[in-house]
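Residue numbering for the sequence shown is 1 to 894, as defined by UniProt numbering.
Report on the following structure.
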Amino acid sequence: MGKVYVIGVGMTKFEKPGVRQDDYPDFTKEAILSALNDAQLSIAEIQQAYVGYVYGDSTCGQRVIYGVGMTGMPIFNVNNNCSTGATALLLAKEAIEYGKSDCVMAVGFEKMERGSLGIKFDDRTNPMEKHVELLSELAGLEGAPMAAQLFGNAGLEHMKKYGTTLEHFAKIAYKNHKHSVNNPYSQFQDLYTLDEILNSPQIFGPLTKLQCCPTSDGAATAILASEKFVKTHGLESQAVEILGMEMATDLPSTFTDSSCMKLVGYDMTKTAAQRLFQKTNKKPTDVQVVELHDCFSANEVITYEALGLCPEGKAGEMIDRGDNTYGGKYVVNPSGGLISKGHPLGATGIAQCAELCWQLRGEAGKRQVEGATLALQHNIGLGGAVVVALYKLGFPSHQNRKVGLRKVAAANSDSGFIVTPYFKILQQVMLIDEDNTVDKFRGIFGFKVKKAGGEEGFWIVNTKTGKGTVEFNNTSIKPDVTFIINDADVVELLTGKINPQKAFFQGKVKVQGNMGLALKLTELQKIARQRLDVIRSKLYSQFQDLYTLDEILNSPQIFGPLTKLQCCPTSDGAATAILASEKFVKTHGLESQAVEILGMEMATDLPSTFTDSSCMKLVGYDMTKTAAQRLFQKTNKKPTDVQVVELHDCFSANEVITYEALGLCPEGKAGEMIDRGDNTYGGKYVVNPSGGLISKGHPLGATGIAQCAELCWQLRGEAGKRQVEGATLALQHNIGLGGAVVVALYKLGFPSHQNRKAGLRKVAAANSDSGFIVTPYFKILQQVMVIDEDNTVDKFRGIFGFKVKKAGGEEGFWIVNTKTGKGTVEFNNTSIKPDVTFIINDADVVELLPGKINPQKAFFQVKVKVQGNMGLALKLTELQKIARQRLDVIRSKL
């Protein structure tokens, strides 16, 4: 595993909810751009992003990244309660550590409500239910906020057990408020006396208001990179190595040891810290600076002991000695901690990382801890999870080099610039010329645009002749006026979010050349804004029953071509998949059931989602196509190698367009593929053997894993009556608007170890019809045909094949030939080619022949597969009638 470094950090000032007038995409963008600027990178150089938040709708992560740039990168949304930020960091670190990417961004934000945190969903089990039940048993419940009761009771237990006093808790708050005076990012920058803290309103137990963290709005970002990336980009002088990072969750002792301290995470913090120090070969005494999760002063006290900063029961003495502030053994929470800096849940862990990086880089200003070389982070969330980490300078010998002196290179292409799609929109406007663009401007405008990483691009907007043109890096054309501006600012300028004159005086834009022509930029803003409004307007534009095509077409219309039976339902449900390394599989002897994930790719929305005026692209066509192309290229496979597919059919229309996006058929040929039956049993592929989202259901968080489960069962031959014969390569497609798509290929990991379960075993042809349940039924049918009381031959006039499989796997083949004479029933006569063949299990054919199950229903329930003449297949109902009429005779002979 390679080393991982933090190469750029940024954050916003944390604010009381409602103070900021902007929304979460705006203030999170501020943090992202700050980190990109710190790392001297552009958004195009980020390969993945992990975005943490606790309160918000799905895919808010995409929404905040799209505000900076749409590159199609994988974006993962993370929620782990108050430890969300550090969890996003951990995932980003692992993505680099295991070679998935070289440069990954971890983002955290929160837009919170005022006041204490409450329950959001009252119609389902609360994840904190066990904690609250135990607290009720141990200490009873009062009317105070639940978090304050949990941590307050932990503080009371510490007081009772070790003699800690109210003053010890108050001293924690005093220290943290004092530290935050020097932090411009802190929500509070006020200094309080110890008496003011002790005498502020009591919240619960030993906790007064000034000892409790507030709710906050804010965001933070950290950019992580591999050693190779750091050296290639000359970032050694600012690279901070993540020496180690460990996560732990609740242990049995949380609930079995009757301890309020353990109930709020003492044991899981201790476990994670011990693992961290052991793996990094460090000791707590090696640390100089700590950012610790002081949601309440009581938690900081007990965490000193859990982290090993002092012996158990000695936190009070450590506080009295001043070993938690400047001049002492450690400086804990130089930022002001959660109590004073604030606690926007998703951002907290990444803000801790930012503070520690600034400390190690010597950039913490008046908060600087002198001689800091090793930094410790602790971020905890009830429910529960804790992340602890150690940081150190990555390249101490490079530290005295100045940051920001890299040579600015001219970009070779317009890719990676945030503004690129906006210039493309402008080009479209000029071609259509609905706004008489050329007549309004009549000039040559130059835009010299600088990425966050320093690279420059140059656009020429020429409106002097004809329809006008937009060109990139054409230095042969001399502009009449040139605007020099940063990438992010030019987007705001073009879309009218900032006034040109104001931007000029704020220094956001510099102008060279014809100032009169420069003033016409306001007209350009209007056009761009009108066009964007059009684009935005387009953004808002569990069953086991068998239905006939008419029933589906005639069910209530929902929208356009979609009727109710073509739409997935809302669902409750869960699914789980356990993944393991090759070493683990072999050590545990799991080869016979191991399914290899041959490849898995994620993509997010591309600029074309919004620029190409396509509703298909708006719902993810391009990102699916991009992910699928990468997947097949990296695995050296083709769509035609696949036999079985689980595809995200939230609506029937999405399944249709996804056939083409995945490459299962050429563009525009999905209809032909459907008509050929190349999406079901007997065709080229079997798509959604599970029933898909439309019929199986769509519990959002479970759907993708349920798809994985179905494909594993198919490959292992355990899909029962849904089994796709000979399935060796399986394709998964799971998409979410907002947006992200994941596509994956699966195959058996160790085919030679396979237990040869149903569907994959070599099927032996039976030598005789003995042992088949259906044999006497076919013999009776032969008798019926000889007597021909029912004019069988005249009714059918065809050759019917019945491929029947015993429970043990042996196959028998019956030919019912009604083309000539009285007709015949023969066993295993392969010289006769049937017009239609029914493939069915032995037990099912017995139910089918006498009419116990309907042929159409059996087909759609996959009890019977049909190959050949479908019109002749429909005459099976006549055969059922004959068999049913003779049933008494059949039973008497059985």
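Here a beta-carbon is modelled for each residue, glycine too, at the ideal position from N, C-alpha and C.
In this structure, Y391 and L360 form a Cβ contact; the two beta carbons are roughly 6 Å apart against a cut-off of 8 Å.
Assignment of F109 by DSSP, reduced to helix, strand and coil, places it in the strand class.
Runs of the beta strand (DSSP E) lying entirely within the stretch 24-98, each at least 3 residues long, are 48-52, 75-78 in chain order. A Cβ-Cβ contact shorter than 8 Å links V387 with T87. Taking C-alpha positions only, C650 is separated from Y659 by approximately 14 Å. Taking P201 as the centre and dropping the five residues before and after it, the same chain places the C-beta of T208, K209 closer than 7 Å to its C-beta, in chain order. Between L91 and Q40, the alpha-carbon positions lie close to 23 Å from each other. Assignment of G620 by DSSP, reduced to helix, strand and coil, places it in the coil class.
Counting along the chain, the unbroken alpha helix (DSSP H) around H131 starts and ends at 129-139.
A contact is defined here as three or more CB-CB pairs under 8 Å, and the stretch 259-277 fails this definition with respect to the stretch 342-351. With contacts defined by Cβ atoms closer than 8 Å, P214 and K13 do not form a contacting pair.
Sixteen is the threshold: since fewer than 16 other Cβ atoms of the shown chains lie within 10 Å of the Cβ of D190, the residue is exposed. In this structure, L647 sits away from C568, with a CB-CB distance that is not shorter than 8 Å.
In this structure, L715 keeps its C-beta atom at 8 Å or more from the C-beta atom of V645. Close CB contacts of I657 within its chain, under the 8 Å cut and outside five residues either way in sequence, are with M616, V619, Y621, A670 (chain order). When only Cα atoms are considered, Y53 and G85 end up about 8 Å apart.
Under DSSP, G2 takes part in no beta bridge, so it has no partner. Taken atom to atom, the span from the alpha-carbon of Q274 to that of A248 is near 11 Å. In this structure, D675 sits away from K684, with a CB-CB distance that is not shorter than 8 Å. When the beta-carbon positions are compared, N829 and G823 stay at least 8 Å from each other. Here the stretch 365-377 lies against the stretch 284-300, with 3 or more beta-carbon pairs under 8 Å apart. With fewer than 16 other beta carbons inside 10 angstroms of its own, E113 counts as exposed. In this structure, R797 sits away from K833, with a CB-CB distance that is not shorter than 8 Å.
When the five nearest sequence neighbours on each side are left out, the beta carbons in the same chain lying within less than 6 Å of the beta carbon of A219 are those of T12, F27, T28, A31, F109, A347, in order along the chain. Assigned with DSSP and collapsed to three states, L156 falls in helix. For V132, the closest alpha carbon among the candidates T254, D22, M70, K16 is that of T254. Nearest to K228 by C-alpha distance, out of Q48, S101, A661, is S101. Per DSSP, E142 is not a residue of any alpha helix (DSSP H), being assigned neither H nor E.
For G663, no alpha helix (DSSP H) segment is defined, and its DSSP state is neither H nor E. Scanning its chain for C-beta atoms nearer than 6 Å, with the 5 sequence neighbours on each side dropped, one finds around T563 the residues S555, Q557, in chain order.
In the structure shown, L345 adopts helical secondary structure according to DSSP, grouped into three states. According to the DSSP assignment, S608 belongs to the alpha helix (DSSP H) that extends over 608-611.
Nearest Cα to S258 within the set L338, S136, F802, L781: S136. Taking 8 Å as the cut-off, the Cβ atoms of S180 and G738 do not count as close. In the DSSP assignment, the residues bridged to Y746 are I597, A730. When secondary structure is reduced to three states using DSSP, A239 falls in the coil class, being assigned neither helix nor strand.
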